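Protein chains: 2
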Amino acid sequence: MKRTCIALTLALASTGVAAEGAFNSAEDAIEYRQAAFSLIKENFSDMWAMMKEKKPMDEKAFAQRAQHLSLLAQIPFTSFDIAGSDKGDTSALPAIWQQRDAFDAKAGQFQMATERLALVAKEGDAKAIKQAFGAVGKTCKGCHDDFKAE
Amino acid sequence: MKRTCIALTLALASTGVAAEGAFNSAEDAIEYRQAAFSLIKENFSDMWAMMKEKKPMDEKAFAQRAQHLSLLAQIPFTSFDIAGSDKGDTSALPAIWQQRDAFDAKAGQFQMATERLALVAKEGDAKAIKQAFGAVGKTCKGCHDDFKAE
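As you go down the protein sequences, you meet chains A and B in turn.
Just so you know, we're using UniProt numbering here: the first sequence kicks off at 1 and counts up by one.
Just so you know, we're using UniProt numbering here: the second sequence kicks off at 1 and counts up by one.
Given below as structure tokens:
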């Protein structure tokens, strides 16, 4: 982000051009969801590293990661509504649009699994955390198997 | 995101290398917050376009943007804790680390303003929405003036 949102506001107010990057194109929508999934991956990867003892477990940091993951799980899916965002620089498979109900159901499962992980991570029961983390991983895999190119 | 999170998990499980992109470096932290702010900007820009009648007002879409903005407002700030993330490809000013309490206070104001906007956007009172949207813009500006290079 090279400019501030207020600088953007002022610049646009003076020029009258449409706000850039506001899902005005399929490319914007693709970039938006890729940014959201990159943040999701970052949080998941850090929790994974702690779960697998690749880095020291920090329960507070883990709980914060889990909370952020559950917030970010809400973000990417509206972008799939944007016409044309099935084409171009995307690894989203046509099956998303061909079986939209199934895709939305899997997105919902991912959201629920991350909410549960955030809850148990705050409570701190190691066994429950392990189980909830595994469940999140399964929802990732379940959706990627059907709806994302490798 | 080129690989699925489960593919990442399996790849890492087999190789034993540390999870990539998990704030293992200052560069990761910078990329993380830049991705988060790009999503924030996208939502703000789209609401701005509706508020300024650059595109038709869609109350449902606006409310969803506002909700997503309030979730995303929680995301970037932990990245500023990462040592070395004040250097490199960042427009974050040294003042963030020199006056961290003031920075955190402004981040908190931004988060509160976006929460309020999400609330009033759901309620649908145009005057309250305009006021709450303006307040969000002020918190952007207030923080960027002091803490972000143009």
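In this text, a Cβ means the ideal position worked out from N, Cα and C, and glycines have one as well.
Owing to the predicted nature of the structure, the values given are computational and were not obtained by experimental measurement.
Check	Outcome
How should B:Met57 be labelled, buried or exposed, when 16 other C-beta atoms within 10 angstroms of its C-beta is the threshold for buried?	exposed
Where A:Ala49 and B:Thr114 are concerned, what is the direct C-alpha to C-alpha distance, given to the nearest angstrom?	32 Å
Would the segment 35–42 of chain B and the segment 88–96 of chain B be scored as touching if the rule is three or more Cβ pairs under 8 Å?	no
Any chance you could list the alpha helix (DSSP H) runs of at least 4 consecutive residues sitting entirely within the segment 92–134 of chain B, in chain order?	95–98 and 100–123
Return no unless some Cβ of chain B is closer than 8 Å to the Cβ of A:Glu42.	yes
Can you pull the chain B neighbours of A:Ile75, defined as C-beta to C-beta under 8 Å?	Leu39, His68, Leu71 and Leu72
Quick check: the Cα distance between B:Leu71 and A:Gln67, rounded to an integer number of angstroms?	10 Å
Can you pull out the residues from the segment 116–135 of chain A whose beta carbon lies closer than 9 Å to at least one beta carbon of chain B?	none
Quick one: Cα of B:Thr90 to Cα of A:Glu31, how far?	20 Å
With a threshold of 6 Å on Cβ separation, who are the neighbours of B:Gln111 within its own chain once the five nearest residues in sequence on each side are excluded?	Ala73
Let me confirm a value: A:Leu117 is counted as buried when at least 16 other C-beta atoms fall within 10 Å, else exposed. Which label applies?	buried
Taking DSSP as the reference, what is the three-state secondary structure of B:Lys138?	helix
From which residue to which residue does the alpha helix (DSSP H) around B:Asn43 run?	Ala26 to Met51
For residue 152 of chain A, does the three-state DSSP call read helix, strand or coil?	No information on residue 152 of chain A is available, as it lies outside the stretch 1 to 150 that chain A covers here.
How would you list, in chain order, the residues of chain B whose beta-carbon sits under 7 Å from the beta-carbon of A:Ala36?	Leu39
Shortest alpha-carbon distance to B:Asp81 belongs to which of B:Leu69, B:Asp101 and B:Val136?	B:Asp101
Within the same chain, show all residues whose beta-carbon is closer than 6 Å to that of B:Ala63, passing over the 5 residues directly before and after it, in chain order.	Ala121 and Lys122
So which residues on chain A does B:Thr78 lean against when the C-beta distance must stay under 7 Å?	Gln64
Tell me where the alpha helix (DSSP H) around B:Lys60 begins and ends.	Glu59 to Leu72
Taking the CB atoms as reference points, tell me whether A:Lys106 and A:Ala26 lie closer together than 8 Å.	no
Look up A:Pro76 in the DSSP assignment and say whether it is helix, strand or coil.	helix
Return the Cβ separation of A:Ser38 and B:Ala35 in integer angstroms, given the expectation that the two are a contact with Cβ distance under 8 Å.	5 Å
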